[in-house]
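Protein chains in written order, with the UniProt record's numbering: chain A, 1 to 501; chain B, 1 to 314.
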């Protein structure tokens, strides 16, 4: 009898331990499988979702896009704008017990600047070198003033890996060691990434979740079904078509926030032989702008989460230009503009990376534009092929998305400056270049905003790119998950989050 | 028998070389550049140039093929250009998953398809036959992905009976592994079982029409004995052929099923690799698939010999 009782007590103890374990694990459904976990080489948004729990950056953002301390506790820029000095947090340890200090910052930034396969080179292009001033002070010495640098350091360029692990590139990618709240346990490609709480984290008591499992589930509807079935606790990027299902489920919470990025139509103005003559005329481009009903797009395709966009900057940015109003649909005016430019009708081919939403978008655009006499021919391809077409100028009109950057420079300069990396349509206006270059070297919001406003006004007038909607970050969480705060950068920050019951 | 096997293996070599050339050529014809897909949103020209040189993508296609062949003969299938993980490691991770799915799907298909086929042939023209045919037709015509999503909604979301997706390795938790695989295996098995039932039925019907069956019945043997012992064994040869082909197809990747149930298997690996233009992975996976196709068919040839004594003598 006694044995049975003891066994019973033990079993009950084991069960309650089991449920306590289950409570402190969160399973998060991601839209894609991650590429690499090396912050220097990463190129995907989902990589950042995982890296955010694994690695600390030097600085972070607040939900209203202010730069806040993380590994750096304070910072200042020299009068000439060419030195950024950072004071570092004391008592921080990497997950392999190495101390975090100024030498670690130098080693990491140097690696990101020089590693042949680094995707951070252009972000850190302004950095000439990094000086270790003392154990906890570091100077970024710049070639030219770079006001976007601080924002850059909130992301992968500012993520710190344990210095001893830096020499082994393959090791960094497969088993990164950082100073973040969670440490790497396991990754099975296409299946999961498992992290567990790092007990030595400097802010460990703010994290109650013990274990994090990220699972890529590419099909959005299946991702939602998994949360509804209880196989996942939360998901990122809900399909707009599932918004109502998620809202109506009493066991779920639906949260959406406008992101930093946008979806747009890029005109091929002068990139190669395929650039249509009609699209060189800004009146024709404006006719496109006037034919599109962004509210209808938001309601029909976006289920209310595709906030209409009228400029490359998101409304939460301090640089957002409130004086630019979203264009109202005006078909007679669009027709008049086409006529003034000498066209009764215009034939244009739209190239887009094919998926459910882009396909709906293309068809809706086709219908809306046809009323103004613009005949859209649809050319769906897969994403890699669309990207290839963009580079080669093998398109007339391109539907593309951009995940967005915190600093306005990231959403503007490379897209519309004459030699911009991502300026696929080869729009070129020296005045825009001058304004954007100038804004790069000024350091305060007050100095920079007038320059961005001026550039935005020229762009709104010349329409090299038609901004359609702000990329949203829609999440679904089980009611058990509490304390989640969405950020415009879309990353899931586990600080303060907990799982109830 | 050994000679037959040796013969088959020799025939397989030129087949494999041809397959490797075709897949190499075909994917080079795909529009889209792996380096652009890899360079991420920023499309930094320096990174693009560096990656192109690193993976020899700036060399002519035949030269790339020779480089790949040389490495392959040394057992090196290269590494994924997206994640740096060696292709052999990826295959070792994914093949067991798809193998488990394929075997479970096959068991379900055989469990449903064979008995139904035999029964419906033995009861040709009766209600049972019609019923089985309707079932088979639905099994063949319901799309995999649709059946999968419906099952997830009913079995997992509504009834909370089985996990909705994912994968658990049998070594980690055997019963959980079987449970997670049950729905995807059923989805695969339903389509295959239906095809198998149709093939079994027609093979059985043609055997049941032969003279020796009539003789066996005339001898006064029980109907069941005649159907199972005399007819079924002879009908098995075409069925084995179909089974081998179907199993090969399963290995090639139950792409849609894996996608719906988020199973990290071969199918998902190759679809992701094609979308990312991850050439090394595509080549490696296709090669392994071709080899397994050949092995399964070789196995079927051996089975013929075991099933049909006449083949042993020739």
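Yeah, the Cβ is synthetic: ideal placement off N, Cα and C, and Gly gets one too.
ask   = Would you report the Cα separation of residue 10 of chain B and residue 301 of chain B, rounded to the nearest angstrom?
value = Start at 1 with the first residue of the second chain, and residue 10 of chain B comes out as number 10. Start at 1 with the first residue of the second chain, and residue 301 of chain B comes out as number 301. Residue 10 of chain B and residue 301 of chain B have their C-alpha atoms roughly 15 Å apart.
*Select from A/250, A/212 and A/239 the residue whose C-alpha is nearest the C-alpha of residue 228 of chain A.*
Here residue 228 of chain A corresponds to residue number 228 of the first chain, with the count starting at 1. Comparing Cα-Cα distances from residue 228 of chain A to each of A/250, A/212 and A/239, the minimum goes to A/250.
key: Classification of residue 278 of chain B by the beta-carbon crowding that lies within 10 angstroms, buried from 16 upward   = Residue numbering aside, residue 278 of chain B sits at position 278 when the second chain is read from its first letter. The residue is buried, with at least 16 neighbouring Cβ atoms inside 10 Å.
* Listing by chain order, which chain B residues have their CB less than 9 Å from the CB of residue 217 of chain A? -> Numbered from 1 along the first chain, position 217 holds the residue referred to as residue 217 of chain A. In chain order: 165, 166 and 262.
Alpha-carbon to alpha-carbon, residue 480 of chain A and residue 292 of chain B: On the second chain, position 292 is the one that residue 292 of chain B refers to. On the first chain, position 480 is the one that residue 480 of chain A refers to. If you take the alpha carbons of residue 292 of chain B and residue 480 of chain A, they lie about 46 Å apart.
Considering only their Cβ atoms, is the gap separating residue 133 of chain A from residue 107 of chain A smaller than 8 Å?
Taking the first chain and counting its residues from 1, the one referred to as residue 107 of chain A is at position 107. Taking the first chain and counting its residues from 1, the one referred to as residue 133 of chain A is at position 133. Not closer than 8 Å, so no.
#### Entry: In DSSP terms, what residue 141 of chain A is bridged to
The residue you call residue 141 of chain A lines up with position 141 of the first chain. According to DSSP, residue 141 of chain A bridges with A/83 and A/129.
For a cutoff of 8 Å on Cβ pairs, would you count residue 35 of chain A as touching chain D?
The structure shown contains no chain D; its protein chains are A and B.
What residue range does the alpha helix (DSSP H) around residue 247 of chain B cover? Counting from one through the second chain, the residue named residue 247 of chain B turns up at place 247. Per DSSP, residue 247 of chain B belongs to the alpha helix (DSSP H) from 233-251.
Going by alpha carbons, who is nearest to residue 181 of chain A out of A/293, A/70 and A/149?
Residue numbering aside, residue 181 of chain A sits at position 181 when the first chain is read from its first letter. Out of A/293, A/70 and A/149, the CA that lies nearest to the CA of residue 181 of chain A is found in A/70.
### Message
Please list, in chain order, the chain A residues whose beta carbon lies closer than 7 Å to that of residue 44 of chain B.
### Response
As a working note, residue 44 of chain B is residue 44 in the second chain. Proximity of chain A to residue 44 of chain B at the Cβ level (cut-off 7 Å) is accounted for by 119, 121, 122 and 421, in chain order.
Length at least 4, wholly inside the segment 211-269 of chain A: the alpha helix (DSSP H) runs in chain order: Runs of the alpha helix (DSSP H) inside the segment 211-269 of chain A: 220-229 and 243-248.
Margin query: Please return the same chain residues whose Cβ sits closer than 6 Å to the Cβ of residue 136 of chain B, not counting the five positions on each side in sequence.
Written below: Here the question's residue 136 of chain B lines up with position 136 in the second chain. So the list reads 194, 197 and 198, once near-sequence residues are dropped.
### Message
Just to confirm my understanding: we take residue 487 of chain A, look at its own chain, exclude 5 residues before and 5 after, and list those with CB closer than 6 Å. What are they?
### Response
Taking the first chain and counting its residues from 1, one reaches residue 487 of chain A at position 487. Answer for residue 487 of chain A: 63, listed in chain order.
So, at 6 Å on beta carbons, what are the nonlocal neighbours of residue 176 of chain B in its own chain, with the 5 sequence-adjacent residues on each side left out? Locating residue 176 of chain B in the second chain gives position 176, counting from the first residue. Taken in chain order, the residues that qualify are 168.
From A/173, A/87 and A/254, residue whose alpha carbon lies closest to that of residue 475 of chain A
Position 475 of the first chain, counted from the first residue, corresponds to residue 475 of chain A. Nearest to residue 475 of chain A by alpha-carbon distance, out of A/173, A/87 and A/254, is A/254.
**Request:** Output yes or no for whether 8 Å exceeds the beta carbon distance between residue 121 of chain A and residue 46 of chain B.
**Result:** In the first chain, residue 121 of chain A corresponds to position 121, counting from 1. In the second chain, residue 46 of chain B corresponds to position 46, counting from 1. Going by C-beta atoms, residue 121 of chain A is nearer than 8 Å to residue 46 of chain B.
Report task. Give a yes or no on whether the minimum CB-CB distance between residue 83 of chain B and chain A is below 8 Å. Result -> Looking up residue 83 of chain B in the second chain gives position 83. Chain A, which has a Cβ nearer than 8 Å to the Cβ of residue 83 of chain B, makes this yes.
Can you say whether residue 209 of chain A is buried or exposed, counting buried as having 16 or more other CB atoms within 10 angstroms of its CB?
-> Taking the first chain and counting its residues from 1, one reaches residue 209 of chain A at position 209. Looking at its Cβ environment, which holds 16 or more other Cβ atoms inside 10 Å, residue 209 of chain A is buried.
*Pull up the distance between the alpha-carbon of residue 296 of chain B and that of residue 244 of chain B, whole angstroms please.*
As a working note, residue 296 of chain B is residue 296 in the second chain. As a working note, residue 244 of chain B is residue 244 in the second chain. Near 6 Å, if we compare the C-alpha coordinates of residue 244 of chain B and residue 296 of chain B.
(Q) Just verifying my parser: in three-state terms, what is the DSSP assignment at residue 303 of chain B? (A) For the purposes of this step, residue 303 of chain B is taken as the residue at position 303 of the second chain. In the three-state DSSP reduction, residue 303 of chain B falls in the helix class (H, G or I).
Q | 8 Å Cβ cutoff, residue 157 of chain B in contact with chain A | A | Along the second chain, read from residue 1 onward, the residue named residue 157 of chain B stands at position 157. Residue 157 of chain B counts as touching chain A.
| said: With H, G and I counted as helix, E and B as strand and the rest as coil, what does DSSP make of residue 182 of chain A? | reply: Start at 1 with the first residue of the first chain, and residue 182 of chain A comes out as number 182. Assigned with DSSP and collapsed to three states, residue 182 of chain A falls in strand.
### Message
Give me the DSSP bridge partner(s) of residue 462 of chain A.
### Response
On the first chain, residue 462 of chain A is found 462 positions in, with the first residue counted as 1. According to DSSP, residue 462 of chain A shares a beta bridge with no other residue.
Item to complete: Rounded to whole angstroms, what's the CA-CA distance from residue 83 of chain B to residue 169 of chain A? Just pull it up for me.
Response: Counting from one through the second chain, the residue named residue 83 of chain B turns up at place 83. Counting from one through the first chain, the residue named residue 169 of chain A turns up at place 169. Between the alpha carbons of residue 83 of chain B and residue 169 of chain A lies a gap of roughly 12 Å.
Under 8 Å between C-beta atoms of residue 492 of chain A and residue 24 of chain A: Working through the first chain from its first residue, we reach residue 492 of chain A at position 492. Working through the first chain from its first residue, we reach residue 24 of chain A at position 24. Not in contact: residue 492 of chain A and residue 24 of chain A (Cβ atoms no closer than 8 Å).
In chain order, what residues of the same chain lie with their CB nearer than 6 Å to the CB of residue 62 of chain B, ignoring the 5 residues before and after it?
The residue labelled residue 62 of chain B in the question sits at position 62 within the second chain. Once the five neighbours on either side are set aside, residue 62 of chain B has no close Cβ partner at all.
So with CB distances below 7 Å, who are the chain B contacts of residue 188 of chain A? In the first chain, residue 188 of chain A corresponds to position 188, counting from 1. Those within 7 Å of residue 188 of chain A in chain B are 93 and 264.
Check your understanding: When you compare only the Cα positions, how much space is there between residue 307 of chain A and residue 92 of chain A?
Key -> As a first step, residue 307 of chain A must be located in the first chain, where it is residue number 307. As a first step, residue 92 of chain A must be located in the first chain, where it is residue number 92. Cα to Cα, the separation comes out at about 40 Å.
(request) Apply the 10 Å Cβ neighbour rule to residue 413 of chain A and answer buried if 16 or more other Cβ atoms are within range, or exposed otherwise. (result) Along the first chain, read from residue 1 onward, the residue named residue 413 of chain A stands at position 413. Buried: at least 16 other Cβ atoms inside 10 Å.
Status (buried if at least 16 other CB within 10 Å, exposed otherwise) for residue 192 of chain A:
To locate residue 192 of chain A, count along the first chain from 1; it is residue 192. Its Cβ being crowded by 16 or more others within 10 Å, residue 192 of chain A is buried.
Distance check for residue 430 of chain A and residue 417 of chain A, CA to CA, integer angstroms please. Along the first chain, one-based indexing puts residue 417 of chain A at 417. Along the first chain, one-based indexing puts residue 430 of chain A at 430. Computed Cα separation, rounded: 8 Å.
Does the distance from the C-beta atom of residue 508 of chain A to that of residue 163 of chain A stay below 8 Å? Past the boundaries of the shown model lies residue 508 of chain A; chain A is included only from 1 to 501, so the question cannot be answered.
### Message
Can you tell me whether residue 375 of chain A is helix, strand or coil according to DSSP?
### Response
Counted from its first residue, the first chain places residue 375 of chain A at position 375. If DSSP states are grouped into helix, strand and coil, residue 375 of chain A belongs with the strands.
| field | 8 Å Cβ cutoff met for residue 320 of chain B and residue 140 of chain B | value | An answer regarding residue 320 of chain B cannot be provided, because it is not within the stretch 1 to 314 covered by chain B.
Task: Rounded straight-line distance, which links the Cα of residue 214 of chain A to that of residue 231 of chain A - done: Along the first chain, read from residue 1 onward, the residue named residue 231 of chain A stands at position 231. Along the first chain, read from residue 1 onward, the residue named residue 214 of chain A stands at position 214. The straight-line gap from Cα to Cα measures roughly 12 Å.
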